[in-house]
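Following my numbering, the numbering of the sequence shown begins with 47 at its first residue and continues without gaps. Glycine residues also receive a C-beta, built at the ideal position from the N, C-alpha and C atoms.
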Amino acid sequence: MKYIFVLFFAFSSLLPAQQPKPDDAKVSIVGYVRDSGCVHRFHEVVKPLPNGCVEACVRGGSPLVILTKNEEVYHPISDQMPDVDVRSQLLPFVGKLVKVSGHVYSRGGSKAISLERIEQVE
47 MKYIFVLFFA FSSLLPAQQP KPDDAKVSIV GYVRDSGCVH RFHEVVKPLP NGCVEACVRG
107 GSPLVILTKN EEVYHPISDQ MPDVDVRSQL LPFVGKLVKV SGHVYSRGGS KAISLERIEQ
167 VE
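Structure representation (C-alpha cells):
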C-alpha cells in the first residue's frame, strides 16, 4: 500500500498543474498588441504608439503579447494541442487595441490566453 501511495504522488507530479475543464467559460480581455521587449522596457506602453517603435521590434522578430490597460501581460497561444504559431493572426493588429476571447492559463505569475477570437476595438 505504501508503494501505491508513493507511486500516485510521483505520477501526479508529472501532470500539468492547470488545464481548462471542458465547461470552463471563455473570457475576453482588451489590450494592445505589443512586442514583449517594449512591454518590459518602457513605462508608457498602454496607449497607441505612433512612432514606429513597435513595428520595428516586430520586424526584428520580437514575440508578441497582449498588454491590458491595467498592465497585465498575456502571452497569446493557440487553442490547439500541440500548440501552433499564432503570430500571423496577431500581425494585422500590432500596436492596436484589441479584444481577445479564449481560455486563460496562469502559472508562476505568467498568463496566457488561447487565441480563439481577436477583433480590433475602436
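Selected residue, minimal CA-CA separation from residue i, among the options
{"i": "A71", "options": "D129, Q166, D131 and S147", "result": "S147"}
{"i": "G107", "options": "Q126, D129 and L136", "result": "L136"}
{"i": "V85", "options": "Q126, D131 and G141", "result": "G141"}
{"i": "L110", "options": "E162, M127, R153 and S82", "result": "S82"}
Contacting residues, own chain, Cβ-Cβ under 8 Å from residue i (five flanking each side not counted)
{"i": "V144", "result": "V76, G77, Y78, V79, I112, I164, E165, Q166 and V167"}
{"i": "K171", "result": "Residue 171 lies beyond the residue range present for the chain, which begins at 47 and ends at 168; the question has no answer from this structure."}
{"i": "V130", "result": "S124"}
{"i": "G155", "result": "none"}
{"i": "G219", "result": "Shown here, the chain extends from 47 to 168; a query on residue 219 therefore has no answer."}
Nearest-angstrom Cβ-Cβ length linking residue i and residue j, presumed shorter than 8 Å
{"i": "I123", "j": "S160", "result": "6 Å"}
Close Cβ partners of residue i (< 7 Å) along its chain, the five nearest in sequence each way excluded
{"i": "T114", "result": "I75, V76 and G77"}
{"i": "F139", "result": "V79, I164 and Q166"}
{"i": "R133", "result": "L110"}
{"i": "V100", "result": "R80, D81, C84, V140 and G141"}
{"i": "C103", "result": "D81, G83 and C84"}
{"i": "P68", "result": "Its pLDDT being 44, under 50, P68 is placed unreliably in this model, and the coordinates cannot settle the point."}
Proximal residues to residue i (C-beta, below 6 Å), its chain only, five neighbours per side dropped
{"i": "E162", "result": "D125, S147 and G148"}
{"i": "P128", "result": "none"}
Counting only runs of 4+ residues fully inside the segment 86-157, write out the alpha helix (DSSP H) ranges in chain order. 99-105 and 133-136
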